[in-house]
Structures are given as structure tokens and as C-alpha cells.
Amino acid sequence: LRSSGSGAQPTNATMFQPASFTGREIFDPMSVGQVESQLRGASIADNDLSQPVSLGTSIMAVEFDGGVVCGADSRTSTGAYIANRVSDKITSLDERIFTMRSGSAADTQAVSDYVRYFLDMHKNETQKPTNVKTAAKLVSMMLYENKQMLMGEMIVAGWDKQNGGQVYKCAMGGSLLRRPYSTGGSGSIFIAAYCESNFRPGMTREQAMDFVDKALMLAMASDGSSGGSVRKVVIDASGVERTYTGGVY
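If you read the sequence shown in this note's numbering, its first letter stands for residue 1125, the second for the next number, and so on.
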């Protein structure tokens, strides 16, 4: 093509690049190629080990008739590198209250440590067992008051004499919801339909454990950030039982 005026002829770059998309990388193949060559020349350590440790994960908790079942996968990653395939994402806050952590491992561990400390002080002052709702509200308060700095989503579940088994979703930003079951983490989107169609109120202990096993196995099979084994904690009036099921490594 030739210009009809006396100005310079347009180059290939100016001829085929729409003005409204100027500067966007997707329309700049040279830029994309440079990034790819840089990634090929870098090691896994350069690309991934500098990333913050993340619990890209699948977590859930389910109420059953008499208690709750907590479940989580066991894969911890830094970028695309699997830092730990047998980590424990179900953390004790009190004797019969546990939290499941997803998001930044450092952030959620810090929140768990603070809440455990505050609950110990509360129990010493009142000389009474801690309610599950109290622990959930503390977690929610920590996430809300530090929402500009923390990146984490947590589920608090447990058993107390007042209300039996309870599950609370503490979303990123601090919102607090009580649910008959709750899921979280990057794998939760893959099992939303399964959980909606298979959850039944008033399940037995064995039915709830089977429900958690199957849901987390499906999440680990579909989500690249989830894997390892399925860790479970069953909490009811008789106490706490920890167990696990082999999964996708």
C-alpha cells in the first residue's frame, strides 16, 4: 500500500495495530516472545521459590447430627513449585474448635496464633469452655481489621454444649456466616455443584466423612494447587478424632 499524500508510508506495526489497543501486550508479539525467552532461561527457583508460600487449597467443613467434620488437602505451593505435599491446614484454636486455612500461609498462621492466644486468655478469665461462635467472631474480627494487609480465607468449626456442631465461614475481608457446610480455597469452585446436590441435613458421622472424602478427592483431581492426602478432623461430644485418606500427589 502507498500513501496518497506526501507523508511517510505506514509501517507494518502502524498498519495493523488498532489505536484503541495500543500498548497492550496481547497485540505486541515481540514483547510476548521476550517474556517467553526469559522464562525458558530462568530456573524453577528464579520463577517460583521467590513467590510467597500459598495454601492454594481445598478446605471444607460439614455439620452432621451431633458434631462436625473438618477436611483439607495437604499441598502447599510457592508459585508452581510444590513446597510441601503433607502440610496440615487444619489448625486447633481450642480443645474442640478448629480452623481450616486457605490463602497466604503466613497470614493465616499468624491469625490462628493470635486467636488461640486470645481464647486462652478468655478461658482463664471466665473459667468456662469456649463457644465456637466466640472463636469464629475473633477470626472474623482479625481478618476485617487487617483486611488491607492479610490475604486469607478461613473456616471455623467445632462443638460446644450450647449449640452442638457448628460451621462458620470467615471470608476474606472479614464477613462471617454460619453454614451447614462450607468450602473454601482454589479447589472449592470445582466441587460447588457436587456439594449442592449431595449435601443432606442431619447426616450421620459416617455419611459426613464420606461426603468430605469424595468432595475433596474431586477437588484435588481438578485443581492443580490442591493435592496430597485428605486430612480430616471429626469433633463431637465424645472428643476429637484425626484421620486421613490417601489422595492425588
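Think of the CB as a built atom: it goes at the ideal place given N, C-alpha and C, for glycine as much as any other residue.
This structure is a prediction, so every number in the text was calculated from the model and none was measured.
Would residue i pass as a contact of residue j if the rule is Cβ separation under 9 Å?
i	j	result
K1338	V1193	no
D1237	V1256	no
I1359	A1259	no
T1307	M1341	no
L1243	L1274	no
T1181	S1226	yes
Can you give me the C-alpha to C-alpha distance between residue i and residue j, rounded to a whole angstrom?
i	j	result
M1344	E1249	42 Å
G1191	M1327	10 Å
R1209	G1195	15 Å
A1230	M1265	18 Å
M1296	D1197	20 Å
V1294	S1201	Here the sequence assigns Cys to residue 1294, which means Val is not the residue at that position. Their Cα atoms are separated by approximately 22 Å.
S1099	G1276	Nothing can be reported for residue 1099, as the shown portion of the chain is limited to 1125 through 1373.
F1335	T1223	19 Å
Q1233	R1324	32 Å
A1185	R1303	9 Å
C1319	K1247	35 Å
N1270	L1300	15 Å
Q1331	T1367	15 Å
F1188	G1289	7 Å
R1199	I1214	12 Å
V1354	Q1272	31 Å
L1267	Y1305	21 Å
Q1251	I1279	26 Å
A1317	G1203	28 Å
I1183	V1235	17 Å
N1287	R1240	21 Å
R1329	T1254	23 Å
V1156	Y1205	Residue placement at V1156 is poorly supported in this model, since its pLDDT is 39, which falls under 50; the coordinates are not used for a value here.
S1321	M1245	42 Å
I1315	M1333	16 Å
V1118	A1207	The structure shown has nothing for residue 1118, since the chain only spans 1125 to 1373.
DSSP state of residue i, grouped into three classes?
i	result
A1361	coil
D1218	strand
R1225	strand
R1355	strand
S1236	helix
A1196	strand
V1186	strand
A1207	strand
S1346	helix
E1160	Unreliable positioning characterises E1160 in this predicted model, as indicated by a pLDDT of 48, which lies under 50. The coordinate reading is nonetheless provided below. Here E1160 sits in helix by DSSP.
R1366	strand
Does residue i get closer than 9 Å to chain C when you measure Cβ to Cβ?
i	result
Q1331	No chain C is present in this structure, which holds just one protein chain.
The segment 1206 to 1223 / the segment 1349 to 1366 touching (three or more Cβ pairs under 8 Å): yes
Under 8 Å: do the segment 1300 to 1316 and the segment 1344 to 1358 share three or more Cβ pairs, one atom per stretch? yes
At 3 residues or longer, and completely inside the segment 1244 to 1328: list those beta strand (DSSP E) runs for me, N to C. Correct list: 1276 to 1284, 1288 to 1294, 1300 to 1302 and 1305 to 1308.
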